[in-house]
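Participant: Okay, so the sequence shown: first residue is 490 according to my numbering, each after it adds one.
Sharing a structure, written as structure tokens. Questions coming.
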Amino acid sequence: MMNYAAPPASIQNWLQETLSTLPINLQVEFWNSQKLLIQGNRDRTEPALTLRIYHPGVLRALLLQRDPLVLAEAYLQGFCDFVGSIDALLLFRQNLPQVARQPIQTVKTWLQAITLPPLPFSNKNNNFWNFWQPRHRQQDLEAVQHHYDLGNDFYRLWLDPHMVYSCAYFPHENATLQEAQEAKLDTICRKLQLQPGETLLDIGCGWGSLLHWAATRYGVKAYGITLSQNQVDYNRQWIAKRGLRDRIQVELRDYRDLPTEPTFDKIVSVGMVEHVGMKNYPTYFQSALSCLQPGGLFLNHGITCTQKPNQSEAGERFIHRYIFPNGELARLSTILTAAEDAGWEIVDVDAWRPHYAKTLRHWAHNLERVRDRALEHIDQRWLQLWKLYLLGSAEGFERNYMGISQTLLRRQADTQWNLPLTRRNWLG
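Right under this line is the structure:
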């Protein structure tokens, strides 16, 4: 590492003024071993979090670009580090966007920031997609592969034994993650009124837990599609191992390539709609409608946002860049309107927001518990980002920044009611 001059006093003053608005005490350690204690919590004296900056370009980028994701990229590249509890780091990440947008008070500080050496990498936004343009097949494929190329073994470490990677349903406060995931799988099957001999399509089937549950417990013939080759390989191996090739099939297929004639008795999509993109909602809902038999049901399960989305919030961009590119949340009303416009009747909407917060905290706890084994698949810095993602998402649901709902749909063309008259009897 080169020997760089000490950070200018005006830049240290800017850090002191702006970061003191954070709800934690923060210690900044510069590349020349100089330390700056910023006291945001007046009730405590010791720092809850230490930010170690190894390159002056981190300060340069933070002041000039005003983007908190600068620190995430610099962290992954080894130009800064964090020492402290995950809770303190989470508070820092949540509050930094508002702090970083505060203006530089003096021209002198701005000029001194320009003279600092730049980071030896570009921090240009490297998202896979443009929010204002319709989503394309190749972009969707690359996004899914980016997320799942970490490998099945990584996810197996911290998911439940069924490898369900979506919101669980906790029948009581002390239910285990496995019990809650099994309750979710069974609730979906009962809402769909699955009967022996029916055909079930799972759009975005993941590692096939719902396919297996529906085929073995409800006697259906299950067909799943996914854009992850890892998941296709995994599914085909366990299907063959369990002798279920005549009951379950899984293919690498885009939802836009589903049959255009009525083929399936029931359809389910869990955790898929948030990766479709609002501009593709008409195609998504029409694709499902076209391949559903008359009298059938479609259960659509997905994350929503509570405020009008603009894709500029730092937390969303963090997830898009580092965890799962191509995601786009919409208000529930937007999703329901798109479904109705495509020809669906809305039968039932079931809100699960607290369930996803609990699910995410279970996942974060499991990931920390197997930390040493997880490091065999990803390095320490990426593991830290994953924990931030899981715990930050949990808080997002707890604070009602995000929601999640299961929506049961019928074809508007099916005028004859073929469900029990009361919701309670659907789940009987």
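Yeah, the Cβ is synthetic: ideal placement off N, Cα and C, and Gly gets one too.
(1) Quick one: is tryptophan 833 buried, meaning 16 or more other Cβ sit within 10 Å of its Cβ, or exposed?
(2) For the segment 757–764 against the segment 724–731, are there 3 or more C-beta pairs whose distance is under 8 angstroms?
(3) By the DSSP assignment, the beta strand (DSSP E) with valine 739 in it spans what residues?
(4) Going by CA-CA distance only, name the one from Asp532, Ile500, Asp830 that's closest to valine 517.
(5) Extract the residue ranges of the beta strand (DSSP E) inside the segment 820–859, only unbroken runs of 3 or more that lie entirely within it.
(6) With a threshold of 8 angstroms, are at least 3 pairs of Cβ atoms found where one atom belongs to the segment 672–688 and the other to the segment 867–886?
(7) In whole angstroms, give me the CA-to-CA distance for asparagine 719 and histidine 809.
(8) Helix, strand or coil: how does DSSP classify isoleucine 593 here?
(9) Below 6 angstroms CB to CB, which residues in the same chain sit around glutamine 528 once its five sequence neighbours on both sides are set aside?
(10) Are there three or more Cβ pairs, one per stretch, closer than 8 angstroms when the segment 821–830 is compared with the segment 856–872?
(11) Going straight from the alpha carbon of tryptophan 906 to that of proline 783, what length do you get?
(12) Using a Cβ-Cβ cut-off of 7 angstroms (strictly less than) and excluding sequence neighbours within five positions of threonine 772, which residues of its own chain qualify?
(13) So, using beta-carbon positions, are glycine 579 and cysteine 569 closer together than 8 angstroms?
(14) Could you tell me the alpha carbon to alpha carbon distance between valine 709 and arginine 736, rounded to whole angstroms?
(15) Hey, tyrosine 707 and cysteine 678: beta-carbon distance below 8 angstroms or not?
(16) Helix, strand or coil: which one does DSSP assign to aspartate 903?
(17) Would you list the residues sitting across from glutamate 817 in a DSSP beta bridge?
(18) Does the distance from the CB of valine 721 to the CB of leucine 699 come in under 8 angstroms?
(19) Which of the three DSSP states, helix, strand or coil, is assigned to glutamate 668?
(20) In the DSSP assignment, the alpha helix (DSSP H) including threonine 705 goes from what residue to what residue?
(21) Give me the Cα-Cα distance between arginine 582 and glutamine 775, rounded to the nearest whole angstrom.
(22) Taking 6 angstroms as the limit between beta carbons, can you name the residues of its chain near histidine 790, skipping five residues before and five after?
(23) Buried or exposed, going by whether 16 or more other CB atoms sit within 10 Å of the CB of lysine 597?
(24) For arginine 549, count neighbouring C-beta atoms within 10 Å of its own C-beta (all shown protein chains included) and say buried if the count is 16 or more, exposed if not.
(25) DSSP beta-bridge partners for arginine 541?
(26) Using the rule of at least 16 other Cβ atoms within 10 Å of the residue's Cβ for burial, across every protein chain shown, is glutamine 622 buried or exposed?
(27) Excluding the five sequence neighbours on either side, which residues of its own chain have a C-beta within less than 7 angstroms of the C-beta of leucine 864, listed in chain order?
(28) Taking Cβ positions, are alanine 819 and threonine 793 nearer each other than 8 angstroms?
(29) Out of Thr749, Arg541, Asp532, Arg899, which one is the CA nearest neighbour of asparagine 983?
(30) Less than 8 angstroms between the CB atoms is what I'm expecting for leucine 898 and leucine 786, so what's the real figure, rounded?
(31) Within the continuous beta strand (DSSP E) that includes asparagine 789, where are the two ends?
(32) Please report how far the alpha carbon of arginine 680 lies from the alpha carbon of leucine 916, in whole angstroms.
(33) In angstroms with no decimal places, state the Cα-to-Cα distance between leucine 504 and glycine 892.
(34) Would lysine 876 be called buried (16 or more neighbouring beta carbons within 10 Å of its own) or exposed?
(35) So, under 8 angstroms CB-CB, glycine 643 and histidine 866 are touching, yes? Tell me the CB distance rounded to an integer number of Å.
(36) State the CB to CB distance for the pair arginine 870 and leucine 565, rounded to an integer number of angstroms; the pair is presumed to be in contact (CB under 8 angstroms).
Facilitator: Inspection of the coordinates gives the following:
(1) buried
(2) They do not touch, by the three-pair rule.
(3) That run of the beta strand (DSSP E) goes 737–741.
(4) Of Asp532, Ile500, Asp830, the residue nearest in Cα terms is Ile500.
(5) 833–840
(6) Under the 8 angstroms Cβ criterion, the segment 672–688 does not count as touching the segment 867–886, having fewer than three qualifying pairs.
(7) Answer to the nearest angstrom: the Cα atoms are 21 angstroms apart.
(8) coil
(9) Closer than 6 angstroms at Cβ, skipping near neighbours: Asn514.
(10) no
(11) Rounded to the nearest angstrom, the two C-alpha atoms are 12 angstroms apart.
(12) Arg745
(13) First, the amino acid is wrong: residue 579 is leucine here, not glycine. No; because the gap between Cβ atoms is not below 8 angstroms, this pair is not in contact.
(14) 7 angstroms
(15) yes
(16) coil
(17) None, per the DSSP bridge assignment.
(18) no
(19) helix
(20) Per DSSP, the unbroken alpha helix (DSSP H) holding threonine 705 starts and ends at 698–707.
(21) 39 angstroms
(22) Val759, Gln895
(23) exposed
(24) buried
(25) Glu518, Asp570
(26) Low confidence applies here, because glutamine 622 scores a pLDDT of 49, under 50, leaving its location unreliable; read the following figure in that light. Classification of glutamine 622: exposed, given that the 10 Å Cβ count is below 16.
(27) Leu872
(28) yes
(29) In the structure displayed, the chain extends from 490 to 917; residue 983 sits before or after that span and is not available.
(30) 7 angstroms
(31) Per DSSP, asparagine 789 belongs to the beta strand (DSSP E) from 781–794.
(32) Note that residue 680 is lysine in the sequence shown, not arginine. The straight-line gap from Cα to Cα measures roughly 6 angstroms.
(33) 35 angstroms
(34) buried
(35) A small correction: the amino acid at residue 643 is phenylalanine; glycine does not occupy that position in the sequence shown. Indeed they touch by this definition, with Cβ atoms about 4 angstroms apart.
(36) 5 angstroms
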